[in-house]
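**Student:** Residue numbers (this note's numbering), protein chains in the order written: chain A, 2 to 466; chain B, 4 to 458. Each residue gets a CB set at the ideal place from its N, CA and C atoms; glycine is no exception. Since this is a predicted model, take the numbers as computed values, not measurements.
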Amino acid sequence: MTRSAWVRLTIVCVIALGCGGGPRPERQREVILRSEDVDRKVGEESAEDVEGQLGLIDDPLLVAYVNAVGQRLAQNAPRRNFSYSFQVVDQVAPNAFALPGGFIFVSRGLLVLSNSEDELASVLGHEIVHVAARHAAARQELMRNPLSFLQGGYLAGYNRDQEHEADRLGQGLAALAGYDPLGLADFLRELEHTERLELGASRLPGFWDTHPSTARRVSEAASRGRLVAGTRKPPIAGSRAEYLRKLEGLAVGPRASEGVFVRDWFLHADLDLAIRFPAGWETHNTHVAVGAISPLRDAQVFLEAGGTGEDVEAAASEYLAELSDKGFRLTDSQRMVVGKNPAFRVAGNIPGAGVNIHAVLTFVNRGGTIYRFTAVSPYVTFAKYRGAMLNVPRSMRALRPRERREIREARLRIAVALAGEGIADVSERTRNTWSVQTTAVMNGIATDRVFEAGELVKVAVLEGL
Amino acid sequence: MVGRIHGCDRCTSRTTAIALASSCVLALAAAVSGCAATAPGAAIAPSPQQSEAELRAGFEIRPVRSASALLTPDQLAGPFHRVGADVLHDGRDNVYSISSDFGDFEAVGDEQLAIRLREIDALAAMEATSKTATFAAAAGRALTSPFVATWNLVTHPVDSIRGIPVGAWDAINHAASLAGGSRSEFEDNALASVIGFETRKRRLAADLGVDPYSSNKVLQKQLNRLAWAAYAGSLPSMFVPFVRDGVASEPNEDRLSAMLRDNSPEDLRKFNRIELAVMGVPEPLADQFVGHRWYSPRRATVLVASLAAMDLAENRIGFIEAAITAESEVEAQRFTETARLLRAYNDGTTGVRAIVGVDGQLLAYSDDQSLVLPMAADYAIWSRATADAVRAAQQPLPDRPVTGIVFEVAGSASERVRSELQSRGIALREHVLDPLHGDLPYTPPRVETAAGGAE
């Protein structure tokens with residue numbers, strides 16, 4: 002498996018929150034890589050990819066705090082031949098994952114969802130167990146096995162036994178570090194409620210699901226947490242209030258600094274860029290591309306950074322050389338102007354399994370930066386979308402003042418409730434953008450909660466850059 | 004070699020049920036009796052350690068049986084060993100004498116016999132290796148390696164402590180801080196663990212199919228020698244990895260073997276401490292157990308894993324409280340075997356709901372309301388200890404209705420035991436562990452030739 006593939010796998014297969022499912026017809030036997038040096042090497046390389054693809058939160062105080070909690074747990078963890086490190090990735094979804102060699106990541110979405118240091122510790126403990134027990138190494142080795150039916154597309158996450166072990170021992174690890182082992186149950190409950198909010202139901206285990214259902218994990222973690230032995234110690238943060246203060250200001254949802262969608266327009270303040278995508282298409286904004294998918298999911302148009310330079314034709318030639326290795330066959334090319342910017346457009350086909358893909362790539366030089374637009378669809382449907390897709394590069398222009406003001410992002414703020422207020426009251430007073438249900442889930446409380454004076458409530462407030 | 008089990012007169016002085024559980028396990032191991040029932044395997048005379056008083060009390064004679072009736076021809080004699088014709092009985096287990104090219108051994112119990120036979124083959128393989136030119140070259144390199152000052156620490160941890168360089172002291176102190184407590188009788192010194200020698204040794208042991216924490220001093224000496232040559236002299240791996248179930252142990256081997264091979268003793272301790280915390284075992288008690296001198300990292304891990312597998316069982320703390328009373332390797336082995344017996348019932352029959360102590364006897368109460376009496380014995384005879392254990396199992400349990408009692412023995416039971424159990428309506432399960440008659444094929448260690456094949 003290539004390093005990038007490994008990272009993609011790892012990112013998809015998150016711990017607590019929706020670890021990917023793959024076929025698992027029967028109990029898999031454990032396979033353990035012999036060398037921890039290999040773990041470390043793979044982990045180091047993959048950690049770089051994680052940083053590149055997801056980005057890390059640049060908040061030294063917050064990262065130091067998360068790392069301190071992790072190190073407190075790691076004191077009781079099997080050391081192997083590596084040291085543990087903890088980072089916060091810039092990811093919206095509540096997520097945590099571990100790479101071989103002791104590299105552990107939690108997402109800002111997870112921090113936003115958590116409500117106490119005990120919960121954070123339980124998640125980190127879970128991940129430490131995955132690393133210490135070398136679950137990832139076993140998974141990796143299984144994938145290398147030429148007899149594995151999991152090769153290729155069906156990339157399983159940790160298997161059910163591994164998740165169960167990570168939950169169980171993670172609670173033990175948390176308890177040994179002085180945390181409440183019930184923190185895992187609390188966090189998983191919030192996670193389950195999030196799933197219910199987003200999916201309408203908690204995930205249920207099935208034949209294709211290697212991950213135990215969250216509801217069941219909540220139940221098991223709660224039962225087990227009451228039995229686990231340990232001596233409580235003061236949290237590093239000191240109190241729940243201090244914990245929440247550490248999280249205050251975290252972005253909730255997509256980051257405005259990476260561009261936002263306002264209706265069909267993608268607006269990027271730093272790049273002074275506005276681009277319109279086809280109306281009604283599903284939009285996506287990732288670290289590597291921003292784009293849209295047609296409602297029938299048979300066409301995509303997306304924008305990527307194409308490097309710096311003035312010569313769009315040279316940029317196109319360089320990229321085409323890469324594409325030709327993947328079977329791309331050029332059918333047309335032309336110089337053009339998009340807005341006032343020099344551009345170069347190429348078209349071609351990529352033979353696929355039973356269907357040929359047609360693609361049109363437009364390279365635009367805007368102030369010395371090359372922007373690469375790709376419009377792609379099966380050959381037989383391309384004509385249907387051609388106009389809509391090729392209008393995307395044509396729409397590129399500078400931001401207008403009104404648009405710049407519209408670029409805002411939701412940030413986590415900690416509100417202080419007044420006596421007798423409900424969630425709706427607090428939301429109205431603080432301009433909370435979360436619904437009552439979401440606010441309840443994020444705070445681990447019931448929707449009809451009546452607050453006492455001074456209670457802290459997590460809310461999401463839209464703020465300009 | 005292990006020490007012999009001794010009788011225990013302390014049982015009746017114990018005050019708590021759990022504490023009694025342990026001491027009576029010892030008592031079971033030591034008890035003797037004097038019934039003249041004839042067991043399969045031809046009892047020709049009582050084992051010499053049995054007392055007249057026990058014989059007069061109407062219990063069974065500890066049999067002396069013929070090795071040829073108990074063992075396969077391969078087990079009885081091999082190219083490097085021969086098992087003595089008479090097999091004694093210590094009240095629970097068979098006691099074998101083994102003569103070999105590498106010295107004479109006594110094995111208490113079938114499991115230890117199986118271990119010793121494999122160790123003898125491993126010794127032979129290591130001896131063959133040590134005669135090769137490859138080994139000689141590696142040994143030469145080891146002599147001039149920067150680590151040579153630590154070799155004495157590896158082989159003579161006490162004698163060589165004085166007069167070593169200050170840097171080595173620092174390393175020892177560092178290792179001690181990693182250890183965070185006491186170490187069992189069977190581990191290497193802390194420095195060796197730090198410098199990576201211990202890792203090589205674990206992997207070498209895994210290739211040979213032996214326990215790196217074995218109490219066999221002869222084996223330890225040879226393992227150390229080869230592991231040192233591998234570590235300090237870059238001796239390449241010369242053994243075809245141990246084969247289990249006809250499949251190379253790498254990459255398909257069971258989780259426990261992988262844990263033992265891949266984790267240092269300190270990491271195993273940490274895993275065990277975490278597992279014990281999950282069971283609700285208080286930290287001071289957990290520390291006592293993981294630092295117990297008679298529980299090698301392997302044995303402790305097996306015991307803890309067995310208890311952890313019974314994840315719904317109440318009072319696993321009680322088991323650990325009993326286990327820490329072990330005062331010898333054999334006693335620790337029997338507690339470990341008892342945990343394995345309970346796990347076997349939990350995994351194979353019905354879930355264990357609780358571990359209970361009655362009159363000093365460890366019992367398990369199952370989901371189907373059966374009471375399981377685990378008997379860590381190769382050959383259970385009707386001794387005073389067996390009778391006491393059965394009597395304890397027959398006592399009513401408060402708030403726990405019992406629909407039946409199961410006497411679960413690691414090996415087999417005598418005719419007298421069968422008869423006594425039958426008369427009391429107690430079910431008997433035999434051969435639950437049975438290490439000499441399991442499904443593991445006998446595969447002597449093989450040495451790879453220079454060409455990469457096996458000889």
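What residues from the stretch 264-284 of chain B come within 9 Å of chain A, judged by C-beta to C-beta, listed N to C?
**Tutor:** Result list: R264, D265, N266, S267, E269, D270, L271, R272, K273, F274, R276, I277, E278, L279, A280, V281, M282, G283, V284.
**Student:** Closer than 8 Å between beta carbons: that is the criterion. Which residues of the stretch 282-301 of chain B meet it against chain A?
**Tutor:** Correct list: M282, G283, V284, P285, E286, A289.
**Student:** Helix, strand or coil for A399(A), going by three-state DSSP, please let me know.
**Tutor:** The residue you call residue 399(A) lines up with position 398 of the first sequence. A399(A) falls in the coil class under three-state DSSP.
**Student:** Along the chain, where does the beta strand (DSSP E) containing L274(A) start, and where does it finish?
**Tutor:** What you label residue 274(A) is simply residue 273 of the first sequence in a count that begins at 1. L274(A) -> beta strand (DSSP E) spans 274-277.
**Student:** In the structure shown, what three-state DSSP assignment does L463(A) receive?
**Tutor:** Counted from its first residue, the first sequence places residue 463(A) at position 462. Correct three-state label for L463(A): strand.
**Student:** Who are the neighbours of G231(A) on chain B, taking C-beta pairs under 8 Å?
**Tutor:** In the first sequence, residue 231(A) corresponds to position 230, counting from 1. Near G231(A) (Cβ distances below 8 Å), the residues of chain B are A280, E286.
**Student:** Answer with yes or no whether the minimum CB distance from A157(A) to chain B is below 8 Å.
**Tutor:** If you number the first sequence from 1, residue 157(A) lands on position 156. In this predicted model, A157(A) has a pLDDT of only 41, less than 50, meaning its place in the structure is not dependable; the value taken from the coordinates is given anyway. Not closer than 8 Å to any Cβ of chain B, the Cβ of A157(A) fails to qualify, so no.
**Student:** By the 7 Å beta-carbon criterion, what residues does the stretch 158-192 of chain A contribute toward chain B?
**Tutor:** Under the 7 Å Cβ criterion, the stretch 158-192 of chain A contributes R169, L170, Q172, G173, L174, A176, L177.
**Student:** Assuming the contact rule is C-beta atoms closer than 8 Å, E191(A) and L114(A) should be a hit. Round their C-beta distance to whole Å, please.
**Tutor:** Stepping through the first sequence from its first residue, residue 191(A) is reached at position 190. Stepping through the first sequence from its first residue, residue 114(A) is reached at position 113. 6 Å between Cβ atoms; contact.
**Student:** What three-state label does DSSP hand H127(A) in the structure shown?
**Tutor:** Here residue 127(A) refers to the residue found at position 126 of the first sequence. If DSSP states are grouped into helix, strand and coil, H127(A) belongs with the helices.
**Student:** Helix, strand or coil: which one does DSSP assign to M282(B)?
**Tutor:** Here residue 282(B) is taken as the residue at index 279 of the second sequence, counted from 1. In the structure shown, M282(B) sits in coil (DSSP, three-state: anything other than H, G, I, E or B).
**Student:** Alpha carbons only, please: which of E109(B), H84(B), F83(B), H92(B) is nearest the one belonging to E2(B)?
**Tutor:** Past the boundaries of the shown model lies residue 2(B); chain B is included only from 4 to 458, so the question cannot be answered.
**Student:** Report all residues from its chain with a CB closer than 6 Å to the CB of F83(B); omit the five preceding and five following residues, and keep chain order.
**Tutor:** Stepping through the second sequence from its first residue, residue 83(B) is reached at position 80. Around F83(B): S103, D104, I123, A127.
**Student:** 8 Å is my cut-off, CB to CB: does R225(A) come that close to chain B?
**Tutor:** As a working note, residue 225(A) is residue 224 in the first sequence. Output row for R225(A): interface = yes.
**Student:** For a quick check, are the C-beta atoms of G44(A) and V90(A) less than 8 Å apart?
**Tutor:** By one-based count along the first sequence, residue 44(A) stands at place 43. By one-based count along the first sequence, residue 90(A) stands at place 89. Not closer than 8 Å, so no.
**Student:** Does chain B have any CB closer than 8 Å to the CB of A78(A)?
**Tutor:** The residue you call residue 78(A) lines up with position 77 of the first sequence. It does; some Cβ of chain B falls within 8 Å.
**Student:** Does the beta carbon of R450(A) sit closer than 8 Å to a beta carbon anywhere in chain B?
**Tutor:** Here residue 450(A) corresponds to residue number 449 of the first sequence, with the count starting at 1. Not closer than 8 Å to any Cβ of chain B, the Cβ of R450(A) fails to qualify, so no.
**Student:** Would you say the beta carbon of G184(A) comes nearer than 7 Å to a heavy atom of the ligand MN?
**Tutor:** Annotation note on the ligand MN: not contained in the displayed structure, which lists no ligands.
**Student:** Comparing C-alpha positions only, which one of L183(A), V427(A), L463(A), T370(A) sits nearest to R450(A)?
**Tutor:** In the first sequence, residue 450(A) corresponds to position 449, counting from 1. Comparing Cα-Cα distances from R450(A) to each of L183(A), V427(A), L463(A), T370(A), the minimum goes to V427(A).
**Student:** Less than 8 Å between the CB atoms is what I'm expecting for R319(B) and I358(B), so what's the real figure, rounded?
**Tutor:** Position 316 of the second sequence holds residue 319(B). Position 355 of the second sequence holds residue 358(B). That belief holds up - the Cβ atoms of R319(B) and I358(B) are roughly 6 Å apart, short of 8 Å.
**Student:** Can you confirm whether L74(A), when its beta carbon is compared against all beta carbons of chain B, has any partner nearer than 8 Å?
**Tutor:** Within the first sequence, numbered from 1, the residue matching residue 74(A) stands at position 73. So, not an interface residue.
**Student:** Looking at chain B, is there any beta carbon in it that lies within less than 8 Å of the beta carbon of L62(A)?
**Tutor:** On the first sequence, residue 62(A) is found 61 positions in, with the first residue counted as 1. No, L62(A) does not count as interfacial toward chain B.
**Student:** Would you mind working out which of F452(A), A122(A), V417(A), A252(A) sits nearest L514(A), comparing C-alpha positions?
**Tutor:** The question about residue 514(A) has no answer here: the residues shown for chain A are numbered 2 through 466.
**Student:** L228(A) versus chain B: which residues are under 7 Å apart at the beta carbon?
**Tutor:** Taking the first sequence and counting its residues from 1, one reaches residue 228(A) at position 227. Within 7 Å Cβ-Cβ: G283.
**Student:** Using CA atoms only, rank isn't needed, just tell me which of A316(A), N116(A), S436(A) is closest to A476(A).
**Tutor:** With chain A covering 2 to 466 only, the question about residue 476(A) has no answer from this structure.
**Student:** Taking Cβ to Cβ, would you say A270(A) is nearer than 8 Å to P279(A)?
**Tutor:** What you label residue 270(A) is simply residue 269 of the first sequence in a count that begins at 1. What you label residue 279(A) is simply residue 278 of the first sequence in a count that begins at 1. The answer is no: Cβ separation not under 8 Å.
**Student:** Quick check on the burial criterion: 16 or more other C-beta atoms within 10 angstroms. Buried or exposed for G456(B)?
**Tutor:** For the purposes of this step, residue 456(B) is identified with residue 453 of the second sequence, where counting begins at 1. Per-residue confidence for G456(B) stands at a pLDDT of 39, beneath the threshold of 50, marking its modelled position as unreliable; no derived number is given.
**Student:** So what does DSSP say about R406(A), is it helix, strand or coil?
**Tutor:** Here residue 406(A) is taken as the residue at index 405 of the first sequence, counted from 1. Helix.
**Student:** Using the Cα positions of F292(B) and G428(B), report the straight-line distance between them to the nearest angstrom.
**Tutor:** The count along the second sequence starts at 1 and reaches residue 292(B) at position 289. The count along the second sequence starts at 1 and reaches residue 428(B) at position 425. So the alpha carbons of these two residues sit roughly 37 Å apart.
**Student:** How many whole angstroms separate the CB atoms of P255(A) and V263(A), which I take to be in contact at a CB cut-off of 8 Å?
**Tutor:** The count along the first sequence starts at 1 and reaches residue 255(A) at position 254. The count along the first sequence starts at 1 and reaches residue 263(A) at position 262. No, P255(A) and V263(A) are not in contact; Cβ-Cβ is about 11 Å, not under 8 Å.
**Student:** So, at 7 Å on beta carbons, what are the nonlocal neighbours of T287(A) in its own chain, with the 5 sequence-adjacent residues on each side left out?
**Tutor:** Against the first sequence, residue 287(A) aligns to sequence position 286. Same-chain partners within the cutoff: there are none.
**Student:** Would V130(A) be called buried (16 or more neighbouring beta carbons within 10 Å of its own) or exposed?
**Tutor:** Locating residue 130(A) in the first sequence gives position 129, counting from the first residue. Its Cβ being crowded by 16 or more others within 10 Å, V130(A) is buried.
**Student:** Take V124(A) as the anchor and find which of A97(A), E305(A), F104(A) has the nearest alpha-carbon.
**Tutor:** On the first sequence, residue 124(A) is found 123 positions in, with the first residue counted as 1. Ranking A97(A), E305(A), F104(A) by Cα distance to V124(A) puts A97(A) first.
**Student:** Would you tell me roughly how many angstroms separate the C-alpha atoms of A312(B) and D350(B), rounded to the nearest one?
**Tutor:** Here residue 312(B) corresponds to residue number 309 of the second sequence, with the count starting at 1. Here residue 350(B) corresponds to residue number 347 of the second sequence, with the count starting at 1. Spanning the two alpha carbons is a distance of roughly 8 Å.
**Student:** Under the assumption that A290(A) contacts Y386(A) (Cβ atoms under 8 Å), give the Cβ distance between them as a whole number of angstroms.
**Tutor:** In the first sequence, counting from the first residue as 1, residue 290(A) sits at position 289. In the first sequence, counting from the first residue as 1, residue 386(A) sits at position 385. Contact flag wrong, Cβ pair sits at about 18 Å.
**Student:** Looking at the structure shown, is E453(A) part of a helix, part of a strand, or coil, going by DSSP?
**Tutor:** Locating residue 453(A) in the first sequence gives position 452, counting from the first residue. Reduced to three states, the DSSP call for E453(A) is coil.
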